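Protein chains in written order, with the numbering used here: chain Z, 184 to 310; chain U, 142 to 287. To start, the structure under review is shown below, and the notes come after it.
Here's what the structure looks like:
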């Protein structure tokens, strides 16, 4: 990895029931993620993606580019616009700097024009 | 907990036993394709004792510790108005099935600005050998009355 290098984009479309599977897998059963009626009743457009699922996609983009789970040393993100099921999520990542054996990477996740994760910053070990 | 100022309070550690099938279930839900997370032979061939948890599996083993901390009435988060604002994790050694991970959570900071309240929690997770496998910084934002 070199400063300025764009890492491969990660593209994934969460299917209609992804939030239900992720709720079970993660233990986060907040109804805004799994109950359409409840989500609308609190002013949301419908069920929204778990922010931490989206963060996991940002993490996966880093570990896949770097060659394994042991390479990811740190990841911080901010959650913004709400993610929704059945729309493609695109994670983009760009190497900001390389110092010694660690790369610092800027990353974000979008659905269309909506940024759902912004200011992602990853530290990845290069060896 | 000091009811007038919960900042600095550390909740008692909660231990989570990492299961092989839970790693498979989580890896599938987040779309992991690396065989280290699903194929026992591949994980062992790579030198791991068992299936390897993806880094973000931290949300699973910290859940029994961070959930009650966020819900604690002494902290006072209004859940109906809360959104998850930001998240940071810093990882140490990999977590594999069979590990027992103890997590303690501290109320790191509570602040207000722009009509919103910010609640920051720090989670510290250690494996059964006492190695720090992950430190998490969880920022919850609670919108004001509007």
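Ideal placement from N, C-alpha and C gives every residue a C-beta, glycine not left out. What you are looking at is a predicted structure, and each value in this text was computed from that prediction instead of being measured.
By the criterion of Cβ-Cβ separation under 9 Å, what are the contact partners of residue i in chain U?
{"i": "residue 261 (chain Z)", "result": "226, 227, 228, 280"}
{"i": "residue 208 (chain Z)", "result": "163, 166, 167, 168, 169, 170, 171, 201"}
{"i": "residue 205 (chain Z)", "result": "167, 170, 171"}
Is there a Cβ from chain Z that is less than 7 Å from the Cβ of residue i?
{"i": "residue 172 (chain U)", "result": "yes"}
{"i": "residue 155 (chain U)", "result": "no"}
{"i": "residue 204 (chain U)", "result": "yes"}
{"i": "residue 243 (chain U)", "result": "no"}
{"i": "residue 183 (chain U)", "result": "no"}
{"i": "residue 158 (chain U)", "result": "no"}
{"i": "residue 193 (chain U)", "result": "yes"}
Going along chain Z in order, which residues have a C-beta closer than 8 Å to the C-beta of residue i?
{"i": "residue 196 (chain U)", "result": "242, 246, 252, 255, 258"}
{"i": "residue 175 (chain U)", "result": "246, 247, 251, 252"}
Residue i versus chain U: which residues are under 7 Å apart at the beta carbon?
{"i": "residue 273 (chain Z)", "result": "None at all; the shortest Cβ gap to chain U is about 14 Å."}
Straight-line CA distance for residue i to residue j?
{"i": "residue 141 (chain Z)", "j": "residue 197 (chain U)", "result": "A question about residue 141 (chain Z) goes unanswered here, because the residues of chain Z that appear run from 184 up to 310."}
{"i": "residue 264 (chain Z)", "j": "residue 292 (chain Z)", "result": "10 Å"}
{"i": "residue 187 (chain Z)", "j": "residue 278 (chain Z)", "result": "5 Å"}
{"i": "residue 244 (chain U)", "j": "residue 148 (chain U)", "result": "18 Å"}
{"i": "residue 227 (chain Z)", "j": "residue 251 (chain U)", "result": "26 Å"}
{"i": "residue 219 (chain U)", "j": "residue 180 (chain U)", "result": "42 Å"}
{"i": "residue 204 (chain U)", "j": "residue 158 (chain U)", "result": "12 Å"}
{"i": "residue 243 (chain Z)", "j": "residue 175 (chain U)", "result": "10 Å"}
{"i": "residue 247 (chain Z)", "j": "residue 288 (chain Z)", "result": "13 Å"}
{"i": "residue 214 (chain Z)", "j": "residue 187 (chain U)", "result": "39 Å"}
{"i": "residue 162 (chain U)", "j": "residue 169 (chain U)", "result": "10 Å"}
Which residues in chain Z have a C-beta closer than 7 Å to the C-beta of residue i? List them in chain order.
{"i": "residue 235 (chain U)", "result": "252, 253"}
{"i": "residue 148 (chain U)", "result": "By Cβ distance, chain Z contributes nothing, its closest Cβ being about 21 Å from residue 148 (chain U), past 7 Å."}
{"i": "residue 283 (chain U)", "result": "The premise fails here: residue 283 (chain U) is roughly 14 Å from chain Z at the closest Cβ pair, so nothing lies under 7 Å."}
7 Å is my cut-off, CB to CB: does residue i come that close to chain U?
{"i": "residue 195 (chain Z)", "result": "yes"}
Residues of chain U with CB under 8 Å from residue i, in chain order?
{"i": "residue 238 (chain Z)", "result": "197, 228"}
{"i": "residue 235 (chain Z)", "result": "197, 200, 225, 228"}
List the residues that DSSP assigns as beta-bridge partners of residue i.
{"i": "residue 225 (chain U)", "result": "U:281"}
{"i": "residue 257 (chain U)", "result": "U:254, U:284"}
{"i": "residue 259 (chain Z)", "result": "Z:304, U:229"}
{"i": "residue 243 (chain U)", "result": "U:156, U:267"}
Can you check which of these residues, the options, is closest to residue i by C-alpha distance?
{"i": "residue 255 (chain U)", "options": "U:266, U:248, U:283", "result": "U:283"}
{"i": "residue 261 (chain Z)", "options": "Z:249, Z:243, Z:238", "result": "Z:238"}
{"i": "residue 154 (chain U)", "options": "U:168, U:263, U:285", "result": "U:263"}
{"i": "residue 255 (chain Z)", "options": "U:194, U:209, U:225", "result": "U:194"}
{"i": "residue 198 (chain Z)", "options": "Z:302, Z:268, Z:286, Z:285", "result": "Z:268"}
{"i": "residue 269 (chain U)", "options": "U:191, U:242, U:280", "result": "U:242"}
{"i": "residue 219 (chain Z)", "options": "Z:232, Z:195, Z:287", "result": "Z:232"}
{"i": "residue 303 (chain Z)", "options": "Z:290, Z:310, Z:236, Z:295", "result": "Z:290"}
Are the C-beta of residue i and some C-beta of chain B separated by less than 7 Å?
{"i": "residue 264 (chain U)", "result": "The structure shown contains no chain B; the protein chains it does contain are Z and U."}
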